[in-house]
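Engineer: Those protein sequences? They're chains P and Y, same order as listed.
Position in the first sequence counted from 1, then plus 14, gives you our numbering.
Position in the second sequence counted from 1, then plus 14, gives you our numbering.
Positions of the beta carbon are idealized from the N, C-alpha and C atoms, including for glycine.
Please read all numbers here as calculations on a predicted model, not as lab measurements.
Pasting in a structure now, in structure tokens, and then I'll have a few things to ask.
Protein chains: 2
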Amino acid sequence: MEKENVSTALLEELIKNRQVAKLRELFETIPTIDLAEAANDIEDIRDIVFIFKVVKSDYTAEFFTDLSSEVQEKVIHLFTDSELVTLLNASYTDDIVDFMEEMPANLVSRILKVVDKKTRNDINRLLNYKENTAGSIMTTEYIELISEYTIKEAIEKIRAIGQDAETIYTIFIIDKKRNFIGTVDLDQFVFSKPEQTLDEIADKAAISVGVNTDQEDVATIFKRYNLTAVPVLNEDQRLTGIITIDDIVDVMEQEATEDMSRMALVTPLEDSYKDTGVLKMAIKTMPWLIVLMILGVFSSVVLSSFQDVLSSLAILSVFIPVLMDTGGNSGGQTIALMIRGIAVGEFGPKDYGHILWKEFRVALLVGIMVSIAAFIIFIIEMYLGIVFYAPEGIVGTALLFERMKISGMVSITLFFTIVISKTLGVTIPMIVKALKKDPAIISAPFITTIVDVSALLIYFFICTQIFQLV
Amino acid sequence: MEKENVSTALLEELIKNRQVAKLRELFETIPTIDLAEAANDIEDIRDIVFIFKVVKSDYTAEFFTDLSSEVQEKVIHLFTDSELVTLLNASYTDDIVDFMEEMPANLVSRILKVVDKKTRNDINRLLNYKENTAGSIMTTEYIELISEYTIKEAIEKIRAIGQDAETIYTIFIIDKKRNFIGTVDLDQFVFSKPEQTLDEIADKAAISVGVNTDQEDVATIFKRYNLTAVPVLNEDQRLTGIITIDDIVDVMEQEATEDMSRMALVTPLEDSYKDTGVLKMAIKTMPWLIVLMILGVFSSVVLSSFQDVLSSLAILSVFIPVLMDTGGNSGGQTIALMIRGIAVGEFGPKDYGHILWKEFRVALLVGIMVSIAAFIIFIIEMYLGIVFYAPEGIVGTALLFERMKISGMVSITLFFTIVISKTLGVTIPMIVKALKKDPAIISAPFITTIVDVSALLIYFFICTQIFQLV
């Protein structure tokens, strides 16, 4: 039951007719994301600016965050300085930083000029953290209280300053020297006595992260410990920001999308697909196709040196696509499981031996079953004439035997290809991870190349040396 | 800074020496997930049962949830009925249902026998919801208050009953007829006056979901509206449960893992990779390899019918793997973007035309660039002798021209293959989605098959009809 009962036309009409009361009512009853999506399509940007003039900044700040970055930029262009200040004061610092990262330099300096000194410092600090670190996604609007406060005093304090905080459900407790001590959850206020001190009820074993912790690791910690907010400490173990679960939900989605892109050989997009242009999409997808084509030279070399064999026994070419595809698919299965396991923190280097042994046994089992199936399928294909193979002068049992040789050869190659591809599928992501690179993008090209070449070498080896077909 | 400062050995030692105070202290200061992971490896299950005897059930209930299902089962076997009741009373219903789903039938009936009537009804109700629906992941421990209460009364009520609720940060407001009216966030209690009624401060536009809503859609709603809890309504619009963000985080991870598995042709695992046996893994991976091998018959047919061409011009076989791989890779890129876009709700059927047109232009651009690169790469390969192609009696400029013909033929085929694969990569997932099936698993086999066959047909058509090489 999503509520998307607002259209661009309705917004435009209310604005055109200056129905301010109706407009305000919309903002009070409809989630800002729905309003922002409708507003993104409004033709005249001045209509959107009008919304900011008449609706309370509590609503418009969130509404602004939900607008597309293109519209955000145009809106800020039309803002007076005082309108800009109102917006910035009502926004959380991490949201300001998020949209500033999409803005041209002149708007960035304009924003930095109009905000107060503390906000400017906070923004600059957040902008300076490396992308994808805890520092880059944290916010500076949190409630920190000194551990000596009683609960009664704490509640008064929260009433006074809490309106600006991104969450009041977790209160961060520091000592007089501003060292981080622990956290208190708001529900403890409900269940504790007013005269208890924060020090008595604080969770001093609370999990924290460092400013340089990778956002993916922060997400893993949130999941593992079921957190809704986590304190971010700087190098001196001082509290410097917090990360809330809503930002982590975005991180999880972003990281999963990136891993999926990389596995499919697409360099992760900075923006959404819809906001990425044709040329940009080509740049994100083309290089890997060319890299793999160049790595494909190794298969070409093998095939090239067996041209004589292929000429005199063309049936061999017929099964090359099946070999390539099955090798690629079976390796791809293992890689996907590995990369996902590594990404969600299920596997570490210490599990390598165990997983390799398991996947090796899986490969043996799958290899045997697929080979048997292949053997039967290929004989049927030849019997039905779907695939033509009937050397001159050979008939009856002798022909069946010839066909079994070809089919057997392909099946045996398939078996080894599956075992090799699954073994590499475990090994290469682990090596890449141990080298502290992202396994998602580096693994696939390597494995495809090695599997293709080894499948062909085994194929021709069995054909020429074992079965002596040519 | 994860805190994993507890080992199996330490736990075993404390239990063996009956150091109850130390043990209790551990549970008060260390997250239960860390303790459970250490406890999973304890040899003697009676040692784990001892923990439940001496540590407060507030801690052991969560600790139990974090144990592996294998250990959970053994622990319950050794429990007396009264120990079991203590555990169940301290656990949330959704957690009980989660671990019951892993238990053998005799333990399930034992659990249902010892719990009180209300819990039994709740468990039965939750167990009956279809897997992956809101009903199956919701919990029944929430705070619902009648809208006429003042804030002061509400706080007293929460103090009295709130300890058992899974969250008190969102309070669910109903009218006297038990119809759901809206929600109140706990922070509103802090910032409102004690004599205001819940009716005055409730958010009546609060988002809700139905019991049969798919969990993936619930996750999308959480993300879109930045929720931390959502009410679940039954068919009569009555409040019947709630879902909290920690469960949604698990859903998101699970859904991303499943999509990644499906895209890689692995039927999603029910348990973690580590808990899945070798045979089970083979069953999850083998069928798709065989299905694709059978679909591969179409390529075999094409190749089979051009055996004469392949015999007389073996160089053609050399480039087949490059054609197959590039076609597969470029289609795979588009499919991955589509499937992810559909999964996170970025694309719907209405976007189909727009995306097709965009991806078509991307394909043209990528196709042209890759073809040009391929043309140059293949000529260099032949020039360097890495790939051998030098028809007898042809030298000098004539040889270069012959090589350009071969290279050009492959490049043109690549161009069309890329355009076809990317176009299909948009179209097939959209069709599958429109048929209300999961695009992740059905798309890849179809596309691989169609792309392989069309690449080969184009290849031989250009070779025999246009370039008239054979």
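So, does the segment 284 to 297 of chain Y touch the segment 379 to 389 of chain P, judging by three or more C-beta pairs under 8 Å?
Structural biologist: Result yes; three or more Cβ-Cβ pairs closer than 8 Å.
Engineer: Does Y:R417 come within less than 8 Å of chain P when only Cβ atoms are used?
Structural biologist: Within the second sequence, numbered from 1, the residue matching residue 417 of chain Y stands at position 403. Cβ-Cβ to chain P under 8 Å: no for Y:R417.
Engineer: Taking its Cβ as the centre, do 16 or more other Cβ atoms sit within 10 Å of Y:M15, making it buried, or is it exposed?
Structural biologist: By one-based count along the second sequence, residue 15 of chain Y stands at place 1. Only weak support exists for where Y:M15 lies, its pLDDT of 37 falling under 50; the coordinates are left without a value.
Engineer: Relative to the ligand GDP, is the shortest distance from any of its heavy atoms to the C-beta of Y:I165 smaller than 7 Å?
Structural biologist: Only the bare structure without any ligand can be found here, which leaves the ligand GDP out of the picture.
Engineer: Taking the beta carbon of P:T153 as the centre, do at least 16 other beta carbons fall within 10 Å, making it buried, or is it exposed?
Structural biologist: For the purposes of this step, residue 153 of chain P is taken as the residue at position 139 of the first sequence. Buried, by the Cβ-count rule.
Engineer: Would you kindly report the start and end of the unbroken beta strand (DSSP E) that includes P:A243?
Structural biologist: As a position in the first sequence, residue 243 of chain P is number 229, starting the count at 1. That run of the beta strand (DSSP E) goes A243 to L247.
Engineer: Output the distance between the C-alpha atoms of Y:E269 and Y:V246, rounded to the nearest integer angstrom.
Structural biologist: One-based indexing of the second sequence puts residue 269 of chain Y at position 255. One-based indexing of the second sequence puts residue 246 of chain Y at position 232. Each residue's Cα considered, the two are about 20 Å apart.
Engineer: Looking at C-beta atoms only, is the number of pairs between the segment 136 to 155 of chain Y and the segment 167 to 174 of chain Y that lie closer than 8 Å three or more?
Structural biologist: Touching, no, given that fewer than three Cβ pairs across the two stretches are closer than 8 Å.
Engineer: Can you give me the Cβ contacts of Y:V129 inside the same chain, cut-off strictly under 6 Å, excluding the 5 residues immediately before and after it?
Structural biologist: Residue 129 of chain Y sits at position 115 when you count from the first residue of the second sequence. Cβ within range, chain order: L102.
Engineer: Just to make sure I have the definition right: I need the residues of chain Y whose C-beta is within less than 8 Å of the C-beta of P:S21. Which are they?
Structural biologist: Here residue 21 of chain P refers to the residue found at position 7 when the first sequence is read from its first residue. Chain Y residues near P:S21: none, gap ~14 Å exceeds 8 Å.
Engineer: Can you check DSSP and say which residues form a bridge with P:D199?
Structural biologist: For the purposes of this step, residue 199 of chain P is taken as the residue at position 185 of the first sequence. Partner(s): P:T184.
Engineer: Hey, Y:T441 and Y:V465: beta-carbon distance below 8 Å or not?
Structural biologist: Within the second sequence, residue 441 of chain Y is the residue found at index 427, counting from 1. Within the second sequence, residue 465 of chain Y is the residue found at index 451, counting from 1. Contact flag unset, no.
Engineer: Can you give me the C-alpha to C-alpha distance between Y:M444 and Y:M352, rounded to a whole angstrom?
Structural biologist: Here the question's residue 444 of chain Y lines up with position 430 in the second sequence. Here the question's residue 352 of chain Y lines up with position 338 in the second sequence. One C-alpha to the other measures close to 8 Å.
Engineer: For P:K17, would you say it is in contact with chain Y, using Cβ-to-Cβ distances shorter than 8 Å as the test?
Structural biologist: Numbered from 1 along the first sequence, position 3 holds the residue referred to as residue 17 of chain P. Residue placement at P:K17 cannot be trusted, given a pLDDT of 44 that sits under 50; what the coordinates show is reported in the next sentence. Yes, because at least one Cβ of chain Y sits closer than 8 Å to the Cβ of P:K17.
Engineer: Under a CB-based cut-off of 8 Å, is P:G346 close to chain Y?
Structural biologist: Here the question's residue 346 of chain P lines up with position 332 in the first sequence. Judged by the 8 Å Cβ criterion, P:G346 is in contact with chain Y.
Engineer: Unbroken alpha helix (DSSP H) runs of length 4 or more, entirely within the segment 66 to 100 of chain P: which are they?
Structural biologist: If we require 4 residues or more, the alpha helix (DSSP H) runs fully inside the segment 66 to 100 of chain P come out as 71 to 80 and 83 to 92.
Engineer: Would you mind working out which of P:A469, P:A412 and P:V223 sits nearest P:V433, comparing C-alpha positions?
Structural biologist: Here residue 433 of chain P corresponds to residue number 419 of the first sequence, with the count starting at 1. Closest option to P:V433, Cα to Cα, is P:A469.
Engineer: Whether or not the segment 184 to 193 of chain P and the segment 232 to 239 of chain P are in contact is what I'm after, with contact meaning three or more pairs of Cβ atoms, one per stretch, closer than 8 Å; do they touch?
Structural biologist: No, the segment 232 to 239 of chain P is not in contact with the segment 184 to 193 of chain P.
Engineer: Do the CB positions of P:M307 and Y:T340 come within less than 8 Å of each other?
Structural biologist: For this step, residue 307 of chain P is matched to residue 293 along the first sequence. For this step, residue 340 of chain Y is matched to residue 326 along the second sequence. A contact, by the Cβ cut-off of 8 Å.
Engineer: Going by beta carbon distance, what residues of the same chain come within less than 6 Å of P:G149, once the five residues before and after it are set aside?
Structural biologist: By 1-based counting over the first sequence, the position of residue 149 of chain P is 135. Once the five neighbours on either side are set aside, the close Cβ partners of P:G149 are Y143 and V225.
Engineer: At 9 Å on the CB atoms, spell out the chain P contacts of Y:M295, in chain order.
Structural biologist: Residue mapping note: residue 295 of chain Y aligns to position 281 of the second sequence, counting from 1. Going along chain P in sequence order, the residues near Y:M295 (Cβ under 9 Å) are L351, K372, E373, R375, V376, L379 and V380.
Engineer: DSSP beta-bridge partners for Y:V223?
Structural biologist: In the second sequence, the residue the question calls residue 223 of chain Y occupies position 209. Its beta-bridge partners are Y:V246.
Engineer: Could you tell me which residues DSSP puts in a beta bridge with P:E158?
Structural biologist: Here the question's residue 158 of chain P lines up with position 144 in the first sequence. Paired residues: P:F186.
Engineer: Rounded to whole angstroms, what is the Cα-Cα separation between Y:L25 and Y:N54?
Structural biologist: In the second sequence, residue 25 of chain Y corresponds to position 11, counting from 1. In the second sequence, residue 54 of chain Y corresponds to position 40, counting from 1. Their backbone Cα atoms lie some 11 Å apart in a straight line.
Engineer: Any beta carbon from chain Y within less than 8 Å of P:S385's own beta carbon?
Structural biologist: In the first sequence, the residue the question calls residue 385 of chain P occupies position 371. By this cut-off, P:S385 is not an interface position.
Engineer: Considering only the alpha carbon of each residue, which of Y:F77, Y:E76 and Y:D58 lies closest to Y:L92?
Structural biologist: Residue 92 of chain Y sits at position 78 when you count from the first residue of the second sequence. With distances taken between Cα atoms, Y:L92 lies closest to Y:D58.
Engineer: P:K17 to Y:V265, Cα distance in whole Å?
Structural biologist: Within the first sequence, numbered from 1, the residue matching residue 17 of chain P stands at position 3. Within the second sequence, numbered from 1, the residue matching residue 265 of chain Y stands at position 251. With a pLDDT of only 44 at P:K17, under the threshold of 50, the placement of this residue in the model should not be trusted; the figure read from the coordinates follows. For P:K17 and Y:V265, the distance between alpha carbons rounds to 22 Å.
Engineer: Specify, as a first and last residue, the run of the alpha helix (DSSP H) that Y:G291 falls within.
Structural biologist: Mapped onto the second sequence, residue 291 of chain Y falls at position 277. Counting along the chain, Y:G291 falls outside any alpha helix (DSSP H), and DSSP gives it neither H nor E.
Engineer: Just mark P:G346 as buried or exposed, buried being the case when its beta carbon has 16 or more other beta carbons within 10 Å.
Structural biologist: Taking the first residue of the first sequence as position 1, residue 346 of chain P is located at position 332. The residue is buried, with at least 16 neighbouring Cβ atoms inside 10 Å.
Engineer: Excluding sequence positions up to five away, which residues of its chain have a Cβ less than 7 Å from the Cβ of P:T164?
Structural biologist: What you label residue 164 of chain P is simply residue 150 of the first sequence in a count that begins at 1. Cβ within range, chain order: P208, E209, Q210 and T211.
Engineer: Since Y:I182 and Y:L200 are thought to touch, with beta carbons under 8 Å apart, how far apart are those beta carbons, to the nearest angstrom?
Structural biologist: In the second sequence, residue 182 of chain Y corresponds to position 168, counting from 1. In the second sequence, residue 200 of chain Y corresponds to position 186, counting from 1. About 6 Å; that satisfies the 8 Å criterion.
Engineer: For Y:T153, which residues does DSSP report across the bridge?
Structural biologist: Counted from its first residue, the second sequence places residue 153 of chain Y at position 139. Y:T153 pairs with Y:I256.
Engineer: Tell me which residues share the same chain as P:F320 and place their Cβ nearer than 7 Å to its Cβ, disregarding the 5 neighbours each side in the sequence.
Structural biologist: Position 306 of the first sequence, counted from the first residue, corresponds to residue 320 of chain P. The residues are F474.
Engineer: I want to verify the contact list: residues of chain P whose CB lies under 7 Å from the CB of Y:M423, in sequence order.
Structural biologist: The residue given as residue 423 of chain Y occupies position 409 in the second sequence. Those do not exist, as Y:M423 stays about 15 Å from chain P at its closest Cβ, beyond 7 Å.
Engineer: Are the segment 311 to 318 of chain P and the segment 387 to 407 of chain P touching, with three or more C-beta to C-beta distances below 8 Å?
Structural biologist: The answer is no - the segment 387 to 407 of chain P does not touch the segment 311 to 318 of chain P, with fewer than three Cβ pairs under 8 Å.
Engineer: Taking the C-alpha atoms as reference points, what is the distance between Y:A278 and P:F429?
Structural biologist: For this step, residue 278 of chain Y is matched to residue 264 along the second sequence. For this step, residue 429 of chain P is matched to residue 415 along the first sequence. One C-alpha to the other measures close to 19 Å.
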